[in-house]
Structures are given as C-alpha cells and as structure tokens.
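Written below as structure tokens is the structure these notes are about.
Numbering (my numbering), first residue to last: 16 to 397.
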C-alpha cells in the first residue's frame, strides 16, 4: 500500500471505539475512575506507541491485551510460522501538535465525549503516524480482540484506507439480550470487515447485531490447560470435581457452581478444586486451599462443573465429563438433578458442535486457509 494517506476522524465510530471504557466506567467508583483518567493524562503527555513485531515479513496477529490463555491461543495459531505476532508497547515520546489539540476538541464537542474518552482520543491521534506506518505495509490486518481500543482504532484506520480487517473470536459470545454485560461488548458495534468465529451460534449472534459483517466459521484449536496430560476418561467414577468459574460479574451462578461441586465431591468421597476465571483473583479466603495448583491432583477422571465458560466447551470436545447449570447458554435437552435442587446437564457432542464447529488441527488448517485466501485477493488488488 503506497501513497499519502489522510485520515478523517469524522468517520470514526466512537461508540465502537470506546465501548469497553463506557462499560467499565459504569462499574467502577469515583476513585478508580480518577486514577484511570490520571494514567491516561500522563500517558498522552509522555509516551507514544511502539509496535513489537515477531516474524516481520509475515501477516501478524495483533494482540494488545496480553493474558496467558490468549497468548496460548495465538501461539497455537502461529506455531507453524506462516503467521507472526504483534504487540504494542509504550516508549517515551512527546510529539504534541496544536492541530492534534484542535481536532480532539472538535471531535469531543461533536460526539459528546467525556474527559477520559477525550484523553484517549488525543493519545490515538498522537500515534496516527505509527499506526499508518504499520497499516501501509500489511496486506491484511488481523486483530485478536477488535473491541480493545488500540485494535479497534487500527481497524477503523485500516478500513479508511482500504485494507481488509479480520477480527478473531477470542472467547464465548452469548446473547445477553437487553442486559449490558462484559460479554455483550464482544458482539455489539463490531467494526472489522470480517470475523473468524468458532461456530454457528456466534455467527448468528454477530449477524443479528451487525448485518453487514462478513462472518466465517473456522472453529477453535484446543489450548486448554489439560492438553498433554494422561487420563482414563472411560472410568465412570469421578476422581475429583473441578469448578470452572466465570468472571465476578456472574457471581450468582459461580456460587451455585461451588455449591454443586462441593456437594458432589462430599457425596462421592473425592476432592474438589476451583479454577477461577483468568481475569479474576480469588475472593473467598476459606476456599484458598481448593484452588487448583497441580493438574495431577485431579486424578485420572476429573469431572467439571460450570456455567458459561468456553473452557467447558474445549474440555467437552476432548471427551472430558463436563456439566453445566440449568440456565447455561450451552444447555439443550432434558435436565437432570446435579445436587440438591440445582439442575443441569452433561455436555454432549451435539451441544458442543453448535459453538465449536471444528477443533484442533482441523480448525488451524481452516484458519490458515482463509487467511491465505485473503492475502491472495489482496495481492491481486494491490
């Protein structure tokens, strides 16, 4: 992609760009909000963005929100060296211009941006040259989580200059209807040209909210924490129970999951363990000893209880015994009593298929096939 590139900030979709902040700001107190605004102010004064690219001469997956399970997922997609990885870092850099300030003031007034959004926008504009330099040399922009502000902004700039943008499904997307949750951010106001998703359920959900979006089902490679361990899953008796908890936002169902796990473990005379959501820290001190620290503690045939974690889908796809509560979005078919008055169901292959159409090697091959197709088209256009 050659030639001069001009960016029109009037064409930026600010509802999409700031959707994570707008959700977060409703969930935090005044002190936390002030702290975040102060950090934004310091960042825009003293820092600029730096792209850290691995395998520079190949298409890259951009990931701006590093978390171990996300890194494992990206490693699986890029392990054959046909794709690279890209991260964003901060470096010292001033680079302030009066034109940036005027443009930010204009957009803040036109779009009724609040103070932190204005600060974030100034920082983004300050880095336009860095973003454009990256976009100009890429045939396809691949974003791990397009709802993250830097990735979203890159997507919006890339679309303005005609570079195809692809977003990846990074977790389970569930229809929360009119309820505003951290999950609903994933499928509303999607800005990329195309989304690669795990299965039909996500495709239908995205198209319901983004009718002009291209959605391609590629499945999801297995990256769960028990890969490579030896188990005897044909033994019907559970060797232990493991609670798969969701984010703290779903504390009500987390409490029900814990109740079921503890009850079943006591009933069967085995240990129970807890696996917290990667974004959360344990809150219950009396359960600290039950946090899973060693996979060997699970024994040869662990059973899993949860509600809506995508980890349950991965484990069930690999033939582990996974049970979900009665109001789980995964649940179809006849309910059974799990413990006391709490009902649910074991996940069967048909339950998983709607959410994970393909797994492991088949998913990886499909992913790379679709990326290769997009690169071929881009080369022909260029």
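For each residue, glycine too, the CB sits at the ideal point set by N, CA and C.
Residues bridged to residue i (per DSSP)
i	result
residue 374	235
residue 148	In DSSP, residue 148 forms no bridge with anything.
residue 210	182, 230
residue 168	Note: residue 168 sits in no beta bridge, so no partner.
residue 286	255
residue 103	66
Length of the line joining the Cα atoms of residue i and residue j
i	j	result
residue 163	residue 35	7 Å
residue 252	residue 224	44 Å
residue 32	residue 168	6 Å
residue 327	residue 149	37 Å
residue 391	residue 361	43 Å
residue 198	residue 189	7 Å
residue 211	residue 201	13 Å
residue 107	residue 81	21 Å
residue 207	residue 86	21 Å
residue 131	residue 335	45 Å
residue 158	residue 171	12 Å
residue 287	residue 226	44 Å
residue 265	residue 285	27 Å
residue 247	residue 317	9 Å
residue 256	residue 26	51 Å
residue 41	residue 254	43 Å
residue 38	residue 105	25 Å
residue 44	residue 267	21 Å
residue 292	residue 303	15 Å
Contact set for residue i: own chain, Cβ-Cβ below 6 Å, skip 5 residues either direction
i	result
residue 236	91, 375, 378, 379
residue 173	150, 156, 180
residue 372	214, 232, 234
residue 64	103, 142, 145
residue 366	345, 347
residue 204	30, 31, 34
residue 359	338, 339, 340, 341, 353
residue 187	325
Extent of the continuous alpha helix (DSSP H) run through residue i
i	result
residue 123	113–126
residue 138	130–141
residue 219	215–224
residue 29	29–32
residue 368	364–368
Beta-carbon proximity list for residue i, same chain, < 7 Å, skipping 5 on both sides
i	result
residue 6	Absent from the model: residue 6. The displayed extent of the chain is 16 to 397, so no value can be given.
residue 68	75, 99, 101
residue 381	233, 234, 373
residue 357	271, 274, 275, 340
residue 294	262
First through last residue of the beta strand (DSSP E) which encompasses residue i
i	result
residue 155	155–158
Own chain residues within Cβ distance below 8 Å of residue i, not counting five before or after
i	result
residue 191	198, 199
residue 250	315, 316
The ligand SAM heavy atom lying under 8 Å from the CB of residue i
i	result
residue 380	Ligands in the displayed structure: none, and consequently the ligand SAM is not present.
Fill in: Those runs of the beta strand (DSSP E) which lie wholly inside the region 289–362 and span at least 3 residues
317–321, 336–340, 351–354, 357–361
Worksheet entry | Uninterrupted alpha helix (DSSP H) stretches inside the region 38–82 (no shorter than 4 residues) | 45–61
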